[in-house]
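440 is the number of the first residue of the sequence shown in my numbering; add one for each residue after it. By construction, the Cβ of each residue, glycine as well, lies at the ideal position given by its N, Cα and C atoms. Keep in mind the model is a prediction, meaning the values are calculated, not measured.
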Amino acid sequence: MKVTQLTVFLENRCGRLAEVADILGQNGINIRGFSTTEAAEYGIVRLIVDDPERARRLLHDAGFTTHFSHVICVRVPDRPGGLAQVLDQLAAAGVSIDYLYSISFQNICFAVRDIDRAIELLAGKVDLMSDEEVRAL
Numbered sequence: 440m441k442v443t444q445l446t447v448f449l450e451n452r453c454g455r456l457a458e459v460a461d462i463l464g465q466n467g468i469n470i471r472g473f474s475t476t477e478a479a480e481y482g483i484v485r486l487i488v489d490d491p492e493r494a495r496r497l498l499h500d501a502g503f504t505t506h507f508s509h510v511i512c513v514r515v516p517d518r519p520g521g522l523a524q525v526l527d528q529l530a531a532a533g534v535s536i537d538y539l540y541s542i543s544f545q546n547i548c549f550a551v552r553d554i555d556r557a558i559e560l561l562a563g564k565v566d567l568m569s570d571e572e573v574r575a576l
């Protein structure tokens, strides 16, 4: 089955990703999964949302460049080797993977330039996870 993925191209500047999330959230569109890629001057956000057509229209109207593509979403067995089991089947058939990302959304990781400041800003406002908590998932 093919799943519609919305790709958004944006300038690599502080707050631009928040704008995308705000536009979608304020319009009742739920983000089911996402991936970000960065370069020096721009970023690429890949989104799985519950209403891709409407999300694309809203973001386009706000000045964002967007693109639709299709991905495959798979339930991976939650055990050691579960991902390898899926990837091995594709590799054995010569199917190359361009990229992959998780669509389970409750727990996310951020890479930021000032990690100590980010932790300070978020402490007490969101549930920050420790190494031990992440490993126990």
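C-beta contact flag for residue i and residue j at 7 angstroms
| i | j | result |
| --- | --- | --- |
| threonine 446 | histidine 506 | yes |
| glycine 482 | leucine 449 | yes |
| valine 534 | valine 525 | no |
| isoleucine 487 | isoleucine 554 | no |
Contacts around residue i, its chain only, beta-carbon distance under 8 angstroms, and the 5 residues preceding and following it disregarded
| i | result |
| --- | --- |
| isoleucine 536 | Leu526 and Leu529 |
| aspartate 570 | none |
Close-in-space but distant-in-sequence residues of the same chain around residue i (CB under 6 angstroms, 5 per side omitted)
| i | result |
| --- | --- |
| valine 510 | Val442 and Gln444 |
| leucine 456 | none |
| arginine 495 | Leu445 and Thr505 |
| aspartate 490 | Ile468 |
Anticipated Cβ contact below 8 angstroms, residue i with residue j, distance rounded
| i | j | result |
| --- | --- | --- |
| leucine 576 | asparagine 546 | 7 angstroms |
Classification of residue i by the beta-carbon crowding that lies within 10 angstroms, buried from 16 upward
| i | result |
| --- | --- |
| isoleucine 558 | exposed |
| phenylalanine 473 | buried |
| valine 459 | buried |
| leucine 561 | exposed |
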